[in-house]
Structures are given as C-alpha cells and as structure tokens.
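See structure below.
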Amino acid sequence: MPFKSRSNIGADLVLAERLIQLGTRPPIVSQLCHLTRKQSITFFKAIQGKSPKQGMLPHDHQWAIRSAFNNIHASLFLSIIEDIRSRLSTPSLSATLLVATYEIYSNVASRILADRQFIQPRSSQLYPLDINRAWYLTSLLSAGDLVFMVCGRCRARYLGMIHPDAAFSQCPICEVWTDRSGRRRWVSAKSKSQSLNKPSTR
19 MPFKSRSNIG
29 ADLVLAERLI
39 QLGTRPPIVS
49 QLCHLTRKQS
59 ITFFKAIQGK
69 SPKQGMLPHD
79 HQWAIRSAFN
89 NIHASLFLSI
99 IEDIRSRLST
109 PSLSATLLVA
119 TYEIYSNVAS
129 RILADRQFIQ
139 PRSSQLYPLD
149 INRAWYLTSL
159 LSAGDLVFMV
169 CGRCRARYLG
179 MIHPDAAFSQ
189 CPICEVWTDR
199 SGRRRWVSAK
209 SKSQSLNKPS
219 TR
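Residue 56 in this note's numbering sits at position 38 of the sequence shown, and the numbers go up by one each step.
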C-alpha cells in the first residue's frame, strides 16, 4: 500500500487506525487523514478484518430532531465538540478532534444507557449516535442547519433545527412524555413535524 511521502504520515495513520476502530467508514477516514480512497479501504480491511459497509454515508439532516432520545445524544456530542473548539480556537474538524470528542461522548453515553437501561446488555449497537453520523451532524452544525437552544425552564442546552419551511425547537428533557415501553416522545410534536416535513409548493 504505497503512501505519498509526508512528514506527518505516521500521525495520520495512527489517527486513521483509531477512527476505523471506532467504526468510521473509509470516505471519512480518507478526508480527515489525507489518504486516498483505496488506501482507506485497504487500511479498513486490515484493521477490521472485513470489507467496509457499502452505500451512502449518513445524510438524514432531521435525525437529531426525530426523537427526544436522538436529540439528547446529538446535543451531548455536539456540545462537547463545540466546547473543545471554543477552548482551542479550532473552527475546522480534524481527525484528532473527532476521535477525542467521540471517545468522551462514548464514555458519558455508556453511563446514560447503563443507568436508564435503554438497550439490551448484549446489543451490538452500543450508542444511538455512531461516529459516522456524529461526523455528519458536525457538518450540519457548522453550516448553521442545527443550532443550540437553551431551555427557559431547565436551562439545558439542546439542538434546534433551522429549516426553509419551519423551525423546530423542543427541549428533549422538559417537552417530552414517556410511553409504556419507556421511550421518550415529544410533547405536541405532531403539528411541528408535519409542518417541518411539508413539501414546498414553490
């Protein structure tokens, strides 16, 4: 697997290895670690022992507002990354920043899931927010499609969404109810969801 001669290739490969261990798909590894697509796929196979998943990367721009549970995890991850960016004055996303933030998020999320028993102990899907979707949500925040709100009641910082047809803003802690299965659902979200998903007449 020939690599171009670069002074920082060793650091890039170390970061690429950690990203792949966390489940990052080759196109993202290629972008963040300055590797070619072929190099990223070969590296993925060597580390994971299997071919990478085919198909499109996560691209659901409304994922963070589809449920209160999604919103809590998206808000947690993006709050961490925004705080780190602010302290280090680094506006762009790097492999180092994504790895560090996702590892902090995973540590906190594992405690949330363990305490609330949201998943089965042997479930292969440990967190609702995998690193590939986390990378995509970061781009939505940078583009201004997702914005942070502060709840006037509980003072929690959570994600709202700016949409061409409607704005979505509901606190995932205060504005929810819990159904019989223990799932947290938005309060009076139906009308907002219908407005948000209404096709444009233009």
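Virtual Cβ for every residue (Gly too), placed ideally from N, Cα, C.
Since we're looking at a predicted model, the values are computed, not measured.
Which residues bound the alpha helix (DSSP H) around residue i?
{"i": "L111", "result": "It is not in any alpha helix (DSSP H) - L111 carries neither H nor E in the DSSP assignment."}
{"i": "I38", "result": "27-39"}
{"i": "I90", "result": "86-106"}
{"i": "V47", "result": "44-51"}
{"i": "I65", "result": "55-66"}
Less than 8 Å between CB atoms is the rule here; does residue i satisfy it with respect to chain B?
{"i": "Y176", "result": "Going by chain labels, chain B is absent from the structure shown, which holds only one protein chain."}
Residue i lies in the beta strand (DSSP E); which residues open and close that run?
{"i": "I153", "result": "Here residue 153 is Trp; the residue named in the question, Ile, does not match the sequence. Segment 149-161 is the alpha helix (DSSP H) holding W153; no beta strand (DSSP E) there."}
{"i": "V165", "result": "164-168"}
{"i": "R203", "result": "202-204"}
Measuring only the C-alpha atoms, how far is residue i from residue j?
{"i": "S104", "j": "S199", "result": "39 Å"}
{"i": "S128", "j": "L115", "result": "20 Å"}
{"i": "R43", "j": "I180", "result": "28 Å"}
{"i": "S107", "j": "I98", "result": "14 Å"}
{"i": "I59", "j": "S69", "result": "8 Å"}
{"i": "A29", "j": "V126", "result": "27 Å"}
{"i": "P146", "j": "A92", "result": "9 Å"}
{"i": "I191", "j": "V32", "result": "38 Å"}
{"i": "F166", "j": "R201", "result": "23 Å"}
{"i": "L40", "j": "K71", "result": "14 Å"}
{"i": "C51", "j": "A113", "result": "7 Å"}
{"i": "Y176", "j": "I65", "result": "35 Å"}
{"i": "L158", "j": "R171", "result": "26 Å"}
{"i": "F62", "j": "V47", "result": "9 Å"}
{"i": "Q188", "j": "Q49", "result": "34 Å"}
{"i": "Q57", "j": "G67", "result": "15 Å"}
{"i": "Y120", "j": "G178", "result": "21 Å"}
{"i": "R173", "j": "G73", "result": "39 Å"}
{"i": "S110", "j": "A34", "result": "18 Å"}
{"i": "A161", "j": "W195", "result": "31 Å"}
{"i": "N88", "j": "D197", "result": "16 Å"}
Consult DSSP for residue i and reduce its assignment to one of helix, strand or coil.
{"i": "I191", "result": "coil"}
{"i": "V117", "result": "helix"}
{"i": "A174", "result": "coil"}
Opposite residue i in the DSSP bridges: which residues?
{"i": "V126", "result": "Note: V126 sits in no beta bridge, so no partner."}
{"i": "A185", "result": "I180"}
With a cut-off of 8 Å on the beta carbons, I'd call residue i and residue j a contact; round off their distance for me.
{"i": "L96", "j": "L155", "result": "6 Å"}
{"i": "I130", "j": "A118", "result": "Actually they do not touch by this definition, with Cβ atoms about 19 Å apart."}
{"i": "P76", "j": "R151", "result": "4 Å"}
{"i": "Y123", "j": "L94", "result": "6 Å"}
{"i": "F186", "j": "I83", "result": "5 Å"}
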